[in-house]
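Enquirer:
Chains as they are written, first to last, in UniProt numbering: chain C, 1 to 110; chain H, 1 to 174.
Now the structure itself:
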C-alpha cells in the first residue's frame, strides 16, 4: 500500500464511520400503505431503531400483527399506526382480521 | 353432512341465478343494492348467532371479523344509496337468500359445541362462495352506476378474503 493509497483508505474509513453515525442518529421512518386489502410494499427492509408506519387507506379496520405474537398494531379505517423495530432478523406479520393480508420486515443491524 | 351442505350451497346458487333469470332481465341497481345489503345482513346475523353459541376462540374471532367487515360495507352501501337517491327494492333473489339463511340458522340453533363450530364454519365457506359467485357473475356486471359497481367490487375483494379465512377456520376445527 503506497502512502496515497493508505491516505485514501483512511479517508474512506472515516467517511464510512461518519456515515454510520449519521445513520444511527437519524433512524428512518418507513412507510407502508395499507390499501385494497394488502400491505404495499409487502416486503420491506429496515434497520434496528427504524420506525415502520402503516397508513390504512381502506375504509375497513386492519391490524399489523407479528406472526410470533410479539406485537400488534391496530390500524383503524383511514388511520395510521407505527412500531419501532428493536432487534435484527426477519419478522413476518399479518392482519388479524384478514389473515390473507401478509407482510414481512427484514430488520438489519446498524 | 358436508355433501348435504355443499348441495345446499349449490341449490342456493341455482336459486340466485334462477331468480335473476326468471325475471327475464338483469337486476336493476335498486335490486342489486337490496341483494348486496341483505347478503351482508345475513352474515352479520349468522355471526351474532355464533357469538352467542360458540366458545371456540378462533370461531369467535372469525365471527367478530364478519360483523366488523359486513357492517362496514353495509354502512357504505346505505350512504351510497342515499347519495344516489336510490331506494333499495326487495326482489326474488333477496327473498331466496333470506329464506335459505333462516333455514340454516334454525338448523344451526339445534347444534352446540364442536358440532356447531364445524357446521357454522362450513356454512360460512359455502355462503361466501355463493355470494361471491353472485357478485362476480351477476351483480357486478349488471350494476349500471359506477360507484355502486366500485363498492360491489370492493365487497367482492373483502368477501373473497372471508372465504379463504373461513376455509382456514374449517381446517383448524378438523
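Using N, Cα and C, we set each Cβ at its ideal position, and we do this for glycine too. The structure presented is a predicted model; accordingly, all values stated were derived computationally and were not measured.
Could you spell out where the beta strand (DSSP E) holding residue 53 of chain C opens and where it closes?
Expert: Within the first chain, the letter at position 53 stands for residue 53 of chain C. Residue 53 of chain C -> beta strand (DSSP E) spans 51 to 56.
Enquirer: If you reduce the DSSP assignment to three classes, tell me which class residue 27 of chain C lands in.
Expert: Indexing the first chain from 1 puts residue 27 of chain C at position 27. It is coil, neither helix nor strand.
Enquirer: Less than 8 Å between the CB atoms is what I'm expecting for residue 36 of chain H and residue 155 of chain H, so what's the real figure, rounded?
Expert: For the purposes of this step, residue 36 of chain H is taken as residue 36 along the second chain, with counting starting at 1. For the purposes of this step, residue 155 of chain H is taken as residue 155 along the second chain, with counting starting at 1. The Cβ separation is near 6 Å, so the contact holds.
Enquirer: Using three-state DSSP, classify residue 59 of chain C as helix, strand or coil.
Expert: For the purposes of this step, residue 59 of chain C is identified with residue 59 of the first chain, where counting begins at 1. In this structure, residue 59 of chain C counts as coil in the three-state DSSP scheme.
Enquirer: Is it true that the CB of residue 35 of chain C sits closer than 8 Å to the CB of residue 68 of chain H?
Expert: On the second chain, residue 68 of chain H is found 68 positions in, with the first residue counted as 1. On the first chain, residue 35 of chain C is found 35 positions in, with the first residue counted as 1. No, Cβ-Cβ distance for residue 68 of chain H and residue 35 of chain C is not below 8 Å.
Enquirer: Note down, in chain order, each residue of its chain lying with its Cβ closer than 7 Å to the Cβ of residue 144 of chain H, except the 5 sequence neighbours on either side.
Expert: Along the second chain, one-based indexing puts residue 144 of chain H at 144. Only 29 meet the Cβ criterion.
Enquirer: Short of 6 Å in beta carbon distance, which residues of its chain neighbour residue 27 of chain C, apart from the five on each side in sequence? Order them along the chain.
Expert: Position 27 of the first chain holds residue 27 of chain C. Taken in chain order, the residues that qualify are 49, 50.
Enquirer: Could you confirm whether any beta carbon from chain H is found closer than 8 Å to the beta carbon of residue 62 of chain C?
Expert: By one-based count along the first chain, residue 62 of chain C stands at place 62. No, its Cβ sits nowhere closer than 8 Å to a Cβ of chain H.
Enquirer: In this structure, does DSSP put residue 81 of chain C in helix, strand or coil?
Expert: The residue you call residue 81 of chain C lines up with position 81 of the first chain. Strand, per DSSP.
Enquirer: Is residue 100 of chain C close to chain H? Criterion is C-beta to C-beta, closer than 8 Å.
Expert: As a working mapping, residue 100 of chain C is identified with position 100 in the first chain. Yes, because at least one Cβ of chain H sits closer than 8 Å to the Cβ of residue 100 of chain C.
Enquirer: Identify the contact partners of residue 68 of chain H in chain C, using a Cβ-Cβ distance below 7 Å as the criterion.
Expert: Residue 68 of chain H sits at position 68 when you count from the first residue of the second chain. Result: 61, 97.
Enquirer: Who are the Cβ neighbours of residue 80 of chain C in its own chain at under 8 Å, not counting the five residues just before and after it?
Expert: Locating residue 80 of chain C in the first chain gives position 80, counting from the first residue. Once the five neighbours on either side are set aside, the close Cβ partners of residue 80 of chain C are 53, 54, 55, 56.
Enquirer: Compare the C-alpha of residue 58 of chain C against each of C:98, C:70, C:109 and name the closest.
Expert: Along the first chain, one-based indexing puts residue 58 of chain C at 58. Here the closest residue by C-alpha is C:98.
Enquirer: Any Cβ of chain H within less than 8 Å of the Cβ of residue 37 of chain C?
Expert: Residue mapping note: residue 37 of chain C aligns to position 37 of the first chain, counting from 1. Chain H, which has a Cβ nearer than 8 Å to the Cβ of residue 37 of chain C, makes this yes.
Enquirer: Under 8 Å between C-beta atoms, does residue 72 of chain H make it to chain C?
Expert: Locating residue 72 of chain H in the second chain gives position 72, where the first residue counts as 1. By this cut-off, residue 72 of chain H is an interface position.
Enquirer: Name the two residues that bound the continuous alpha helix (DSSP H) containing residue 48 of chain C.
Expert: Position 48 of the first chain holds residue 48 of chain C. That residue, residue 48 of chain C, is in no alpha helix (DSSP H); it is neither H nor E in DSSP.
Enquirer: Any contact of the stretch 78 to 90 of chain H with the stretch 132 to 143 of chain H, i.e. 3+ C-beta pairs under 8 Å?
Expert: Cβ pair count under 8 Å is below three, so no.
Enquirer: Give the range of the alpha helix (DSSP H) segment to which residue 127 of chain H is assigned.
Expert: Along the second chain, read from residue 1 onward, the residue named residue 127 of chain H stands at position 127. Counting along the chain, the alpha helix (DSSP H) containing residue 127 of chain H begins and ends at 113 to 134.
Enquirer: Between the C-alpha atoms of residue 46 of chain H and residue 149 of chain H, what's the straight-line distance to the nearest angstrom?
Expert: For the purposes of this step, residue 46 of chain H is taken as the residue at position 46 of the second chain. For the purposes of this step, residue 149 of chain H is taken as the residue at position 149 of the second chain. Distance between the alpha carbons of residue 46 of chain H and residue 149 of chain H: 26 Å.
Enquirer: Which word fits residue 31 of chain H, buried or exposed, when buried means at least 16 other C-beta atoms lie within 10 angstroms of its C-beta?
Expert: Residue numbering aside, residue 31 of chain H sits at position 31 when the second chain is read from its first letter. Buried: at least 16 other Cβ atoms inside 10 Å.
Enquirer: Quick one: list the residues of chain C neighbouring residue 65 of chain H, beta-carbon separation under 7 Å, in chain order.
Expert: Along the second chain, one-based indexing puts residue 65 of chain H at 65. 97, listed in chain order.
Enquirer: CB-CB under 7 Å to residue 71 of chain H, same chain, minus the five flanking residues each way: which ones, in chain order?
Expert: In the second chain, counting from the first residue as 1, residue 71 of chain H sits at position 71. 44, listed in sequence order.
Enquirer: Quick one: Cα of residue 151 of chain H to Cα of residue 60 of chain H, how far?
Expert: Within the second chain, residue 151 of chain H is the residue found at index 151, counting from 1. Within the second chain, residue 60 of chain H is the residue found at index 60, counting from 1. Distance between the alpha carbons of residue 151 of chain H and residue 60 of chain H: 27 Å.
Enquirer: Would you decide whether residue 85 of chain H is buried or exposed? Buried here means 16 or more other CB atoms lie within 10 Å of its CB.
Expert: Taking the first residue of the second chain as position 1, residue 85 of chain H is located at position 85. When all chains shown are included, residue 85 of chain H counts as exposed.
Enquirer: Assuming residue 121 of chain H and residue 51 of chain H are in contact, meaning their beta carbons sit under 8 Å apart, how far apart are those beta carbons, in whole angstroms?
Expert: If you number the second chain from 1, residue 121 of chain H lands on position 121. If you number the second chain from 1, residue 51 of chain H lands on position 51. The pair is not a contact, with the Cβ atoms about 14 Å apart (cut-off 8 Å).
Enquirer: Express the C-alpha separation of residue 40 of chain C and residue 158 of chain H in angstroms, rounding to a whole number.
Expert: Within the second chain, numbered from 1, the residue matching residue 158 of chain H stands at position 158. Within the first chain, numbered from 1, the residue matching residue 40 of chain C stands at position 40. So the two alpha carbons sit approximately 17 Å from each other.
Enquirer: Looking at chain C, is there any beta carbon in it that lies within less than 8 Å of the beta carbon of residue 57 of chain H?
Expert: Looking up residue 57 of chain H in the second chain gives position 57. False, the Cβ-Cβ gap to chain C never drops below 8 Å.
Enquirer: Name, please, each residue of chain C whose Cβ falls closer than 7 Å to the Cβ of residue 161 of chain H.
Expert: Translated into the one-based positions of the second chain, residue 161 of chain H becomes position 161. The contacting residues are 37, 98, 100.
Enquirer: Taking C-alpha atoms, which residue in H:25, H:99, H:57, H:77 lies nearest to residue 40 of chain H?
Expert: For the purposes of this step, residue 40 of chain H is taken as the residue at position 40 of the second chain. Ranking H:25, H:99, H:57, H:77 by Cα distance to residue 40 of chain H puts H:77 first.
Enquirer: Between the alpha carbons of residue 54 of chain H and residue 136 of chain H, how many angstroms are there, rounded?
Expert: Position 54 of the second chain, counted from the first residue, corresponds to residue 54 of chain H. Position 136 of the second chain, counted from the first residue, corresponds to residue 136 of chain H. The alpha-carbon atoms of residue 54 of chain H and residue 136 of chain H are separated by roughly 31 Å.
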